[in-house]
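**Q** Under our numbering, the first residue of the sequence shown carries the number 2, and numbering increases by one thereafter. One structure, as structure tokens, below. Some questions next.
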Amino acid sequence: DIPTEADDMAITKGVIALGHSLRLKVVAEGVETKEQQDFLRSNDCDEMQGYLFSKPLPAEEVTALLKGHSPKQNLTVVDPRKRA
2 DIPTEADDMA ITKGVIALGH SLRLKVVAEG VETKEQQDFL RSNDCDEMQG
52 YLFSKPLPAE EVTALLKGHS PKQNLTVVDP RKRA
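Put into structure tokens, the structure is as follows:
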């Protein structure tokens, strides 16, 4: 549980650092709270997904969502490198 458990935070930081040392983009899954997002953002996680941004959607709903909106309209798009 980040950002409340010290061990979980240390593991998460290590995984992010390992990914970056291998020149990989790091994607955090299961982000549910603003606090988790803030922790991941502050530790340079590249991408995030989870209920904080959207519930899981069937492929046809994603397609309809993307066809019906401009890239920035009504979608939560977060660049984790830009700090609030």
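Glycine included, C-beta positions come from ideal geometry on N, C-alpha and C. Model, not experiment: these values are computed from the prediction.
1) Buried or exposed: where does Val32 fall if 16 or more other Cβ atoms within 10 Å of its Cβ makes it buried?
2) Just checking, does the stretch 9-22 make contact with the stretch 42-57 on the three C-beta pairs under 8 Å criterion?
3) Using the DSSP secondary-structure output, state which residues sit across from Val28 in a beta bridge.
4) Going by DSSP, what residue range makes up the alpha helix (DSSP H) through Ser43?
5) Please state whether the Cβ-Cβ distance between Gln37 and Ile12 is less than 7 Å.
**A** This is what the structure gives:
1) Looking at its Cβ environment, which holds 16 or more other Cβ atoms inside 10 Å, Val32 is buried.
2) Yes, the stretch 9-22 touches the stretch 42-57.
3) Listed as beta-bridge partners of Val28 by DSSP are Glu48.
4) In the DSSP annotation of this structure, the continuous segment of the alpha helix (DSSP H) that includes Ser43 starts and ends at Lys35 to Ser43.
5) Not in contact: Gln37 and Ile12 (Cβ atoms no closer than 7 Å).
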